[in-house]
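Since the structure comes first, as C-alpha cells, the remarks are kept for the end.
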Amino acid sequence: MTDMTYRPLGNSGLIVSVVGLGCNNFGRPGSVTEGVDGTRAVVDAAIDAGITLFDTADIYGTPGRSESLLGEVLGERRDQIVLATKFGMDMQGLNGPDWGARGSRRYVRLAVEASLRRLGTDWIDLYQYHEPDGVTPIQETLAALDELVVEGKVRYIGSSNFSGWQVAQADYEATGARFISAQNEYSLLNRAIETELVPACEEFGVGILPYFPLKSGLLTGKYARDEAPAAGTRLANRPHVHAGADWDLIDRIATFAAERGVGMLDVAIGGLAAQPAVASVIAGATSAAQVVANVAAGTWAPAPEELAALNAL
C-alpha cells in the first residue's frame, strides 16, 4: 500500500486524502468502467491505496449512472470514505423539469433526493454546486443547502466552476453553511485560476479541488510532440487536443522531472498538490494500475526551491 497523506478541506474539519478519485468515467459508454466489474476494480484499488475522497456528480457517465455504480460497489464501505457529488448541470429531465433554475430551492431538493437514492446512502459528505445557473440568487441556493446540512442529509457544501468573485460573493452572502471547497480545472498546463480564484480561496479559507490535473493525459509522459497519439489512448480520437498543446511548456516540465529523477506524473500531481490552497487533487482512473500510479505520484513533495522553479516554468 502506498503511503497516503491527508489534509483538511479548506477551513473545515473534513479531512481528505491528498489524491482523490474522480468518478467521471464510471458508467460512461465505451469505458472499461461502464459497468459494475470495471467500476469495482477501480474503487477497490482506491480504497486499498488509502484514497478517501470519491468525487462524482449526478451528470457523470450517462446521467445518474456514475452515482448508481459508485453506490452499488461501495456497499457497506460507504462510511469509510468521503463521498462527494454535485448538482446543477442539465440532467435531461431525470431529476424532473428545472427550467434552467438548477440552483433554486425547489430543484436542489429534487436533486439531492435523487442523488441519495442513486448512491444508496442517507447522507452526502460534500455536496457541490456544479456551476452557477445564472438565474438563481446565490442567497437562495446557499439557504437551500444550509437546510440540507441542518437536516443531516449533507455534511458540507462546495462550489465548482465558480470564478473568484463568485466565491467571494458566496462567502459574503452565507448566513449558515458556507462553501468549504472550490472544484475547478487546474493543472500545470492550465493555471488560469491562479489569477483570481486561488487568491479568493486563500482569503476565505476555501480548499481547492483541481480536476483535469493531467490535462487529458498530456502530463503523463505518454505523448510526444512529433508522434501521433497511439491507438487506444485518450487522445487517439482527439487529435486537435494533441496538436494544440503547449509542447514547449510540456517539454520544460519533462526536463524538470528528469533532472530530479522523477516522472512527469509525479510532477503533475505532486507539484499541483503542493500549490497554495490545494486540498486534494481529483484524478480520474479506469484501471487499478492508474489508481496506484496516481497515488504514488501524490507522494512526491517538492522542496520550496523546487516548487519555485516549477512555478517559474
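If you read the sequence shown in our numbering, its first letter stands for residue 46, the second for the next number, and so on. Even glycine gets a Cβ: it sits at the ideal position worked out from N, Cα and C.
1. Taking Cβ to Cβ, would you say Ala322 is nearer than 8 Å to Gly252?
2. Please name the residue in Ala159, Val312, Ala86, Gly315 whose C-alpha comes closest to that of Val118.
3. Suppose contacts are defined by Cβ-Cβ distances below 8 Å. Is Ile96 in contact with Leu66 by that definition?
4. Just to confirm my understanding: we take Thr220, look at its own chain, exclude 5 residues before and 5 after, and list those with CB closer than 7 Å. What are they?
5. Going by C-alpha to C-alpha distance, which of Leu139, Arg163, Ser76 sits closest to Gly120?
6. Do you know whose CA, among Gly133, Ala319, Ala333, lies nearest Val77's CA?
7. Identify every residue that forms a DSSP beta bridge with Gly67.
8. Flag this pair as touching only if the segment 142-160 and the segment 234-244 have three or more C-beta atom pairs under 8 Å; answer yes or no.
9. Check whether the segment 128-143 and the segment 175-186 touch, using three or more Cβ-Cβ pairs below 8 Å as the test.
10. How about Gly75 and Leu114: are their beta carbons less than 8 Å apart?
11. Taking the alpha-carbon of Ile183 as reference, which of Ser208, Glu196, Ser149, Lys198 has the nearest alpha-carbon?
12. Determine the closest residue to Gly106 out of Ile126, Phe99, Gly80, with distance taken between C-alpha atoms.
13. Would DSSP call Thr265 helix, strand or coil?
14. Rounded to whole angstroms, what is the Cα-Cα separation between Leu128 and Ile60?
15. If you scan the segment 218-258 from start to end, which runs of the beta strand (DSSP E) of 3 or more residues do you find wholly inside it?
16. Along the alpha helix (DSSP H) that carries Val195, what are the first and last residues, could you check?
17. CB-CB under 8 Å to Leu429, same chain, minus the five flanking residues each way: which ones, in chain order?
18. Which whole runs of the alpha helix (DSSP H) in the segment 294-329 are 4 residues long or more, in chain order?
19. Taking C-beta to C-beta, are Glu260 and Thr278 nearer than 8 Å?
20. Just how far apart, CA to CA, sit Leu139 and Ile126?
21. Evaluate Arg110 with the Cβ neighbour count: other Cβ atoms within 10 Å of its Cβ, from every protein chain shown; 16 or more gives buried, anything less gives exposed.
22. Under 8 Å, with one C-beta from each stretch per pair, do the segment 241-248 and the segment 202-216 reach the 3-pair mark?
23. Across which residues does DSSP place Pro53 in a beta bridge pair?
24. Have a look at Tyr217 and Asn282 and give me their C-alpha separation to the nearest angstrom.
Put simply:
1. As a position in the sequence shown, residue 322 is number 277, starting the count at 1. As a position in the sequence shown, residue 252 is number 207, starting the count at 1. Pairing Ala322 with Gly252 gives a Cβ-Cβ distance under 8 Å.
2. As a working note, residue 118 is residue 73 in the sequence shown. The candidate whose alpha carbon is nearest that of Val118 is Ala86.
3. Here the question's residue 96 lines up with position 51 in the sequence shown. Here the question's residue 66 lines up with position 21 in the sequence shown. Yes, the pair counts as a contact, with Cβ atoms nearer than the cut-off.
4. The count along the sequence shown starts at 1 and reaches residue 220 at position 175. Within the same chain, Thr220 has no close Cβ partners at all.
5. Position 75 of the sequence shown, counted from the first residue, corresponds to residue 120. Cα-wise, what sits closest to Gly120 is Arg163.
6. Here residue 77 is taken as the residue at index 32 of the sequence shown, counted from 1. Ranked by how close their Cα comes to the Cα of Val77, the residues Gly133, Ala319, Ala333 have Ala333 in first place.
7. On the sequence shown, position 22 is the one that residue 67 refers to. Listed as beta-bridge partners of Gly67 by DSSP are Asp100, Gly329.
8. These segments do not touch.
9. Taking one beta carbon from each stretch, the segment 128-143 and the segment 175-186 have 3 or more pairs nearer than 8 Å; the two touch.
10. Counting from 1 along the sequence shown, the entry for residue 75 is found at position 30. Counting from 1 along the sequence shown, the entry for residue 114 is found at position 69. In this structure, Gly75 sits away from Leu114, with a CB-CB distance that is not shorter than 8 Å.
11. For this step, residue 183 is matched to residue 138 along the sequence shown. Comparing alpha carbon positions, the residue from Ser208, Glu196, Ser149, Lys198 closest to Ile183 is Ser149.
12. Residue mapping note: residue 106 aligns to position 61 of the sequence shown, counting from 1. Relative to Gly106, the option among Ile126, Phe99, Gly80 whose CA is nearest is Gly80.
13. Numbered from 1 along the sequence shown, position 220 holds the residue referred to as residue 265. Thr265: coil per DSSP, three-state reduction.
14. To locate residue 128, count along the sequence shown from 1; it is residue 83. To locate residue 60, count along the sequence shown from 1; it is residue 15. Distance between the alpha carbons of Leu128 and Ile60: 12 Å.
15. Qualifying beta strand (DSSP E) stretches, in chain order: 224-230, 252-256.
16. Within the sequence shown, numbered from 1, the residue matching residue 195 stands at position 150. Taken as a continuous stretch (DSSP letters only), the alpha helix (DSSP H) holding Val195 covers 183-196.
17. Here the chain comprises residues numbered 46 to 358, so residue 429 is not present and cannot be evaluated.
18. DSSP runs (the alpha helix (DSSP H)) wholly in the segment 294-329: 309-318.
19. Position 215 of the sequence shown, counted from the start, is the residue given in the question as residue 260. Position 233 of the sequence shown, counted from the start, is the residue given in the question as residue 278. The question names Glu, yet the displayed sequence has Lys at residue 260. No. Outside cutoff.
20. The count along the sequence shown starts at 1 and reaches residue 139 at position 94. The count along the sequence shown starts at 1 and reaches residue 126 at position 81. About 27 Å.
21. The residue given as residue 110 occupies position 65 in the sequence shown. Arg110 is buried by the Cβ-count criterion.
22. Flag = yes, the segment 241-248 and the segment 202-216 touch.
23. By 1-based counting over the sequence shown, the position of residue 53 is 8. In DSSP, Pro53 forms a bridge with Ile60.
24. Mapped onto the sequence shown, residue 217 falls at position 172. Mapped onto the sequence shown, residue 282 falls at position 237. Computed Cα separation, rounded: 44 Å.
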